[in-house]
Amino acid sequence: MSYLNMNDDKLMPTVVELNTLLADYHIYYQNLRNFHWNILGENFFELHEKFEELYTEAREKIDEIAERILTLRYHPISNLRDFLKVSSIEEVSSERTDIEMVKDILGNHNILLEQMSKVIKEAEKINDEGTIDLIGAYIRELEKTSWMLDAFTKDSSSQLRKSAIPAFSNN
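Here the sequence shown is numbered in UniProt numbering, starting from 1 and rising by one per residue.
Pasting the structure below:
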């Protein structure tokens, strides 16, 4: 037992998934920096600012994930070669339109959300409430950001699905 009141021998699967998430966030962060620097077009001002906001948030999460791994008494992976080897997110070209950049980010979000689910699955097996709480908050934030970015990619004639409440679905 450690100061965490968890069995140290059972932490490794959670740490592996956290390190994978750390690698994913590093490549995602770099993709955002790439887009921030290279955005062109009529949405320049809006997306330049949004990309900066997103990479700032990603940088904070990178630090928090690494610190969680350290709290669990393991070393976080910490070099680019390993990040590229472990991450499911790929580096992307800067030769993208604004909409393509946003769609690439949404694709990165899907990968991050899948990895976060893996982290939570492993953390639940050992009652690692600290990791579950941390990653649960990330999921909520990333889902909201994804909704907003997805809305940006739609044209103004797009519609949401009808209400799930039967009384309103006839309208």
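Ideal Cβ placement from N, Cα and C applies to all residues, glycine included. The structure displayed is predicted, hence computed values, not measured ones.
- Look at residue 164 here: in three-state DSSP terms it is coil, with no helix or strand label.
- With respect to the 8 Å criterion, residue 19 and residue 69 are classified as neighbours on the basis of their beta carbons.
- For residue 74, the three-state secondary structure derived from DSSP is coil.
- Residue burial annotation: residue 11 is buried, with at least 16 other C-beta atoms found within 10 angstroms of its C-beta.
- Restricting attention to alpha helix (DSSP H) runs no shorter than 4 residues, the region 2-41 encloses them at 12-38, ordered along the chain.
- Short of 7 Å from the beta carbon of residue 152, and not among the five residues preceding or following it, lie these beta carbons of its own chain, in chain order: 102.
- Distances from the CA of residue 23 to each of 133, 71, 135, 82 were compared; the closest alpha carbon is that of 82.
- The beta carbons of residue 39 and residue 47 sit about 5 Å from each other, so the pair counts as a contact at 8 Å.
- If the five residues before and after residue 104 are omitted, its C-beta is found closer than 8 Å to the C-beta atoms of 31, 35, 92, 96, all from its own chain and listed in chain order.
- Going by DSSP, residue 128 is part of no alpha helix (DSSP H) at all; its letter is neither H nor E.
- Residue 87 counts as buried, since no fewer than 16 other beta carbons sit within 10 angstroms of its beta carbon.
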